[in-house]
Amino acid sequence: MNGPVLDLTRDITERLSRQFDEVAVLAIKRRELMMKIWNSEPSITQMWSKLNLQLRLAKSGRLWILTYETHEPEVLLKYTEEIIKVADKVTESELYAPLPDYALCKPVSGAFDQNIEFYMSYPDKLVESLVVETLSTGAGRVSGTIALSRVERVLITSKGYECNEVKSEFKVYVRAFKDEFTGHWAHGSTHISHSAIREVGRRAGMYATITRNRVDFAPGEYNVILSPLVVGNLFEYVAHMASALSVLTGFSMFAKHKPGDSVAAECFSLYDAPRDTSLPGTLGFDDEGVETRNKPIIENGMFTSFLHNAATASKMSTKSTGNAGWIRPRPWSLDITGGDVREDELIRELRNGVFVVNNWYTRLQNYYEGVFSTVSRDTALLIKNGEVAGHVGRIRIASTFNKLMKNIQGLSRERFDVWWWEVRIPTRAPFMVVSNTQLTKPEV
Amino acid sequence: MKLQVDPTLLYRVVDRGRELGAQYVEARFQNDYRVSVTTRNNKVLAVSSSESSGIGIRVLVNGALGFAATNSTSLADLLELVEHAVSQASAMSRLRKRPIEFSEENLGNVKYSVNEKKRLTDFNVEEMIKLAMEIYNAAKSAVKEVKLPFLITDIRVHIQEKLVVTSDGAYIESRIPRLYISALLTLLHPQRGTLQRSREFGGSGGVELIEKWDPVRVISEEQVALERVLISGVEPPREKVAVVLGSEVVGLVVHESAGHPMEADRILGREASQAGESYVKPEYIGNYRIGNKYATVVDDPTLLNSYGFYLYDDEGVKARPRYLYKEGLINEPLHNRHTARVFNVKSNGASRSMDYASEPIVRMGNTYLVPGEMSFEELIEDVDLGVYVKSYMEWNIDDIRWNQRYVGLEAYMIRNGELAEPVRNPVLEFTTGWFYSNILGVDRNLEFYPGICGKGEPSQGVPVWFGGPNVKLSKMQVGVLA
Chain F
856 MNGPVLDLTR DITERLSRQF DEVAVLAIKR RELMMKIWNS EPSITQMWSK
906 LNLQLRLAKS GRLWILTYET HEPEVLLKYT EEIIKVADKV TESELYAPLP
956 DYALCKPVSG AFDQNIEFYM SYPDKLVESL VVETLSTGAG RVSGTIALSR
1006 VERVLITSKG YECNEVKSEF KVYVRAFKDE FTGHWAHGST HISHSAIREV
1056 GRRAGMYATI TRNRVDFAPG EYNVILSPLV VGNLFEYVAH MASALSVLTG
1106 FSMFAKHKPG DSVAAECFSL YDAPRDTSLP GTLGFDDEGV ETRNKPIIEN
1156 GMFTSFLHNA ATASKMSTKS TGNAGWIRPR PWSLDITGGD VREDELIREL
1206 RNGVFVVNNW YTRLQNYYEG VFSTVSRDTA LLIKNGEVAG HVGRIRIAST
1256 FNKLMKNIQG LSRERFDVWW WEVRIPTRAP FMVVSNTQLT KPEV
Chain G
1421 MKLQVDPTLL YRVVDRGREL GAQYVEARFQ NDYRVSVTTR NNKVLAVSSS
1471 ESSGIGIRVL VNGALGFAAT NSTSLADLLE LVEHAVSQAS AMSRLRKRPI
1521 EFSEENLGNV KYSVNEKKRL TDFNVEEMIK LAMEIYNAAK SAVKEVKLPF
1571 LITDIRVHIQ EKLVVTSDGA YIESRIPRLY ISALLTLLHP QRGTLQRSRE
1621 FGGSGGVELI EKWDPVRVIS EEQVALERVL ISGVEPPREK VAVVLGSEVV
1671 GLVVHESAGH PMEADRILGR EASQAGESYV KPEYIGNYRI GNKYATVVDD
1721 PTLLNSYGFY LYDDEGVKAR PRYLYKEGLI NEPLHNRHTA RVFNVKSNGA
1771 SRSMDYASEP IVRMGNTYLV PGEMSFEELI EDVDLGVYVK SYMEWNIDDI
1821 RWNQRYVGLE AYMIRNGELA EPVRNPVLEF TTGWFYSNIL GVDRNLEFYP
1871 GICGKGEPSQ GVPVWFGGPN VKLSKMQVGV LA
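For the protein sequence lines, the chains are F and G, in the order given. Each residue of the first sequence is one higher than the one before, counting from 856 in the working numbering. Each residue of the second sequence is one higher than the one before, counting from 1421 in the working numbering.
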């Protein structure tokens, strides 16, 4: 973080510490470039240069959260004066706990790639490479996105904590079209990778051109292969439901569980992985200044840990897991362990079932029970006798997360770092084989 | 209305962009100020406020678009930014085979704001907390046999101010105050399990909206109904039956299967790798029939006190009602100036931006199915056996807006033309074509519901209303949850 912003953050913390019992100031400075591709041509290039200032203010157990993205950060002080005037009108927050005591600053290192800054000046080469690689598979047209970011983050608290860190982010995803068929792939990292761009293009094109057959589809229970894109999307919901606030508000299927309960097949483990500096969700300290650590949410099928900040931990008589959010604890990056099935053997080993390459629009009827459905997009293939029979069109997975996790039969050795519009938490995920999964499609 | 930016700053940006060779430059100042209170049962979780303020610049250079945004209002920073935007667009233009062009329009030169009888800025935190407590106490008292372990209330004030200037003469200054209230409830019965509901209220205007919405009464009355559903809801019939959809469900259906597929940028494929494309092809416009005489869907941003209200869009074009489907015919897509040019028509003012850092893209405002004349009782009087689905929780639709699913929450059997016992979790799956071709009747009870509609990359959530009357459909198979 450069001098003026750091100085401003310190100044705000110091001045507000005179008026509030506790002050935490989080400043995030982002510089970002995003290129969107439409019908194999650039549709728009977008650039952002933003400073986001967040304040957590506490006085006599009352809690205020302020977020400002403004050209006049000093205006924050004006708003805090208004807060002081009405402080005694606000009741104490149920989610107040003292900020953690002073701790050493331990930022992540190795999460910044200088090359990203270089390519912010020459992004057209990346766009060209992605389009050429995708079209080389025989795809007819290409849509997608490449985004590059530099993110600086500083946290100062009235408990004496001060830390800052810098990382870069690289996101690429593409959808390839071949007549009525489409394929999709995505990648996210802290480091730019030309081989990843080529891989994304190659895989999207491969799925778009894998077969030209259309086959009939009857709704019912199937054994399914879920690609890392689908796994990333679905387990993002599971990870959010591990947030202790989700449990406290009734919006979690884990409300009925305690650590040690069996919630998934033994082969399945899901980790929150903030210390993995290759995944773009990486960070060294959470919003309360607690050092982050990798931790299991589910390990060998057992529910292992809720995600906590200081307040939810206090309410559940435990310690923060380094996942603050001042109000909502949240996962940073997800890591799902692989298994022993080779990717190129998945279809043969499934024998009969459906392979879902991508999905979107996951919605829940009931979070407490984990009842959800999600819709396939891009390729969904009927597998017969270990071979691709053809496209089944757009179908829907309708199940509960409990059932889905219990029915995991296998995981691929190969894992992929996925991050895109429908996988918002950067996730390292394998292909997943799930038995007896309800698939639907409208009959009218 | 006192503007928080000097307009000459935006004109300097526009002039500099033109000097650098851009055919079109648009500079938009936008300030979004929000205050919210979140409660859990009878306790405050947090009081929050936020302000997002800055300038977004869009340029068209040699047929390529560039967008840049910053918090800074320093002239030097803004001039540097417009230079970057022009330079990046220019570099990308070599990869474009077909240049992007904008339609020529009669652009606005106006200032407007939404009237507030009692200003939202005077709705203080203490009053918000009091309202949240009233909602909780009323909902808790309403249920007798089930528990209400969780009620999360969110009350938000949002003041949005914009100034848009363009190199071809638009000047649009606007102020839109919005109020939003949501309640997320969990009902629990030891033997019958749980039921969850999200109930929202939203609109533009002042504090007086609360009186109109009466959220304390509406939410508590709904708990009485939901308690019945949880305790005595039956499985839907196994045979095909007539289905009547409530306004809330109809509103969502038309938003998803008329509004979205009629966004012209989606029809052209611009959102293909994110929000998807459309079953509608350009040649369908004015030629293809998707439904019967009841299938008239309008999107109208100019509805007073609506959540999706605006009078001019973010490209300076005057907003007006758009008849997306007209008596079953695919009629008029939502356009911005780019898609209008491609279709060789005039823009109908559908270009919106979530905040200063978002490019303006084609969006809905307030989308609804046109109501009829009959009462609800008349609508269902000839239904011997059917299911009435009044509200929903789970829904989704595919990426071309054809295959869709809605899972009912408050639902009832219809027997001999009257509402009967409650039904639990009826699952409806149908295609867009089936829905609009199988409307047998619509009543006169037009109701609207608020939502935040997501689209774009980075994703932009903009406030919308969706609505409709109660709608009677042909017989269909009603499913159950797996």
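Cβ coordinates follow ideal geometry from the N, Cα and C atoms, glycine included. For clarity, every value in this text was computed on a predicted model and none was experimentally measured.
C-beta neighbour in chain G for residue i, strict 7 Å
i	result
F/S1254	yes
F/N894	yes
F/E924	yes
F/E949	yes
F/D979	yes
F/G999	yes
F/I920	yes
F/W1276	yes
F/P1135	no
F/Y1223	yes
F/Q874	no
F/K1113	no
F/P1285	no
F/V878	no
F/P1297	yes
Supposed close pair residue i, residue j - CB separation, criterion 8 Å
i	j	result
F/G965	F/T1132	5 Å
F/I1052	F/I971	About 13 Å; that fails the 8 Å criterion.
F/P1285	F/G1193	4 Å
F/P953	F/E877	7 Å
F/Q1220	G/V1827	5 Å
Exposure label - residue i; buried when at least 16 CB within 10 Å
i	result
F/K1022	buried
G/N1529	exposed
F/Y977	exposed
G/T1428	exposed
F/R1203	exposed
G/P1465	Per the sequence shown, the amino acid found at residue 1465 of chain G is Leu instead of Pro. Label assigned to G/L1465: buried.
G/D1775	buried
G/I1834	buried
G/S1879	exposed
Minimum Cβ-Cβ distance from residue i to chain F less than 7 Å
i	result
G/F1850	yes
G/F1570	yes
G/E1439	no
Note down, in chain order, all residues in the stretch 1088-1106 of chain F with a beta-carbon under 9 Å from any beta-carbon belonging to chain G.
Identification of residues in the stretch 1088-1106 of chain F having a C-beta nearer than 9 Å to some C-beta of chain G yields L1100, L1103, T1104, G1105 and F1106, given in sequence order.
Are the stretch 1061-1076 of chain F and the stretch 1028-1043 of chain F touching by the rule of at least three beta carbon pairs closer than 8 Å?
Touching, yes, given that three or more Cβ pairs across the two stretches are closer than 8 Å.
Between the stretch 1616-1631 of chain G and chain F, which residues of the former have a C-beta closer than 7 Å to a C-beta of the latter?
Within the stretch 1616-1631 of chain G, the residues whose Cβ lies closer than 7 Å to some Cβ of chain F are Q1616, listed in chain order.
Scan the stretch 898-913 of chain F for residues whose Cβ lies nearer than 7 Å to a Cβ of chain G and list them as they occur along the chain.
Identification of residues in the stretch 898-913 of chain F having a C-beta nearer than 7 Å to some C-beta of chain G yields S898, I899, T900, Q901, M902, W903, S904, K905 and L906, given in sequence order.
Taking contact to mean 3 or more Cβ pairs, one atom from each stretch, closer than 8 Å, check whether the stretch 1171-1178 of chain F and the stretch 1140-1149 of chain F are in contact.
Result yes; three or more Cβ-Cβ pairs closer than 8 Å.
Just by C-beta distance, which residues in the stretch 1207-1221 of chain F are closer than 7 Å to chain G?
Cβ contacts with chain G come from W1215, Y1216, R1218, L1219, Q1220 and N1221.
Tell me which residues of the stretch 1228-1257 of chain F have at least one Cβ-Cβ distance to chain G shorter than 9 Å, keeping chain order.
Cβ contacts with chain G come from S1228, T1229, V1230, S1231, R1232, D1233, G1248, R1249, I1250, R1251, A1253, S1254 and T1255.
Closer than 9 Å, Cβ to Cβ, to anything on chain F: give me those residues from the stretch 1596-1615 of chain G, in chain order.
Cβ contacts with chain F come from L1604, L1605, T1606, L1608, G1613, T1614 and L1615.
Closer than 9 Å between beta carbons: that is the criterion. Which residues of the stretch 1177-1201 of chain F meet it against chain G?
Per Cβ criterion, the list reads W1181 and I1182.
Counting Cβ pairs closer than 8 Å, one from the stretch 1590-1598 of chain G and one from the stretch 1528-1543 of chain G, do we hit at least three?
Contact between the stretch 1590-1598 of chain G and the stretch 1528-1543 of chain G is present, because at least three Cβ pairs lie under 8 Å.
Are there three or more Cβ pairs, one per stretch, closer than 8 Å when the stretch 1711-1718 of chain G is compared with the stretch 1740-1760 of chain G?
With a cut-off of 8 Å on Cβ pairs, the stretch 1711-1718 of chain G is in contact with the stretch 1740-1760 of chain G, counting three or more such pairs.
Taking contact to mean at least 3 C-beta pairs separated by less than 8 Å, is the stretch 1666-1680 of chain G in contact with the stretch 1880-1892 of chain G?
Contact between the stretch 1666-1680 of chain G and the stretch 1880-1892 of chain G is present, because at least three Cβ pairs lie under 8 Å.
Compile a chain-ordered list of the residues in the stretch 1815-1829 of chain G whose CB is closer than 9 Å to at least one CB of chain F.
When CB distances to chain F are screened at a threshold of 9 Å, the residues of the stretch 1815-1829 of chain G falling below it are W1815, N1816, I1817, D1818, D1819, I1820, W1822, N1823, Q1824, R1825, V1827 and L1829, in chain order.
Do the stretch 1812-1830 of chain G and the stretch 1273-1293 of chain F touch if we need at least three Cβ pairs shorter than 8 Å?
The answer is no - the stretch 1273-1293 of chain F does not touch the stretch 1812-1830 of chain G, with fewer than three Cβ pairs under 8 Å.
With 9 Å as the limit, tell me which residues of the stretch 1482-1505 of chain G have their beta carbon closer than that to any beta carbon of chain F; keep them in chain order.
Result list: A1484, L1485, G1486, F1487, A1488, A1489, T1490, N1491, S1492, T1493, S1494, D1497, L1501, H1504 and A1505.
Give, in chain order, every residue of the stretch 1764-1782 of chain G whose Cβ lies closer than 7 Å to some Cβ of chain F.
Going along the stretch 1764-1782 of chain G in chain order, one finds A1777 and E1779 with a Cβ nearer than 7 Å to chain F.
Members of the stretch 1543-1577 of chain G that neighbour chain F once the beta carbon cut-off is set at 7 Å:
Per Cβ criterion, the list reads N1544, V1545, E1546, I1549, P1569, F1570 and I1572.
Taking a cut of 7 Å between CB atoms, which residues from the stretch 1446-1474 of chain G lie near chain F?
Only R1460, K1463, V1464, L1465, A1466, V1467, S1468, S1469, S1470, E1471, S1472, S1473 and G1474 from the stretch 1446-1474 of chain G bring a Cβ to less than 7 Å from some Cβ of chain F.
Residues, ordered as in the chain, of the stretch 1515-1538 of chain G that lie near chain F by beta-carbon distance below 9 Å:
Within the stretch 1515-1538 of chain G, those residues whose Cβ lies closer than 9 Å to any Cβ of chain F are, in chain order, L1515, R1516, K1517, R1518 and I1520.
Please list the residues of the stretch 1049-1074 of chain F that have a C-beta atom closer than 7 Å to any C-beta atom in chain G, keeping them in chain order.
Cβ contacts with chain G: none found.
Give the residues from the stretch 1676-1693 of chain G that approach chain F closer than 7 Å (Cβ to any Cβ), ordered along the chain.
Against chain F - using a Cβ distance shorter than 7 Å - the residues of the stretch 1676-1693 of chain G are G1689, R1690, A1692 and S1693.
Does the stretch 1548-1555 of chain G come into contact with the stretch 1262-1277 of chain F, if we say contact requires no fewer than three beta-carbon pairs (one atom in each stretch) closer than 8 Å?
Cβ pair count under 8 Å is below three, so no.
For the stretch 1859-1881 of chain G, which residues have a beta carbon sitting closer than 9 Å to at least one beta carbon of chain F?
The stretch 1859-1881 of chain G vs chain F, Cβ under 9 Å: E1877, P1878 and S1879.
Give a yes or no on contact between the stretch 1768-1785 of chain G and the stretch 1843-1862 of chain G, applying the rule of three or more CB pairs nearer than 8 Å.
No, because fewer than three Cβ pairs between the stretch 1768-1785 of chain G and the stretch 1843-1862 of chain G fall closer than 8 Å, the two stretches do not touch.
Count the CB pairs spanning the stretch 1657-1664 of chain G and the stretch 1892-1901 of chain G that are closer than 8 Å, and state whether there are at least three.
Cβ pair count under 8 Å is three or more, so yes.
Inspect the CB distances between the stretch 1697-1707 of chain G and the stretch 1488-1504 of chain G and report whether three or more fall short of 8 Å.
Flag = no, the stretch 1697-1707 of chain G and the stretch 1488-1504 of chain G do not touch.
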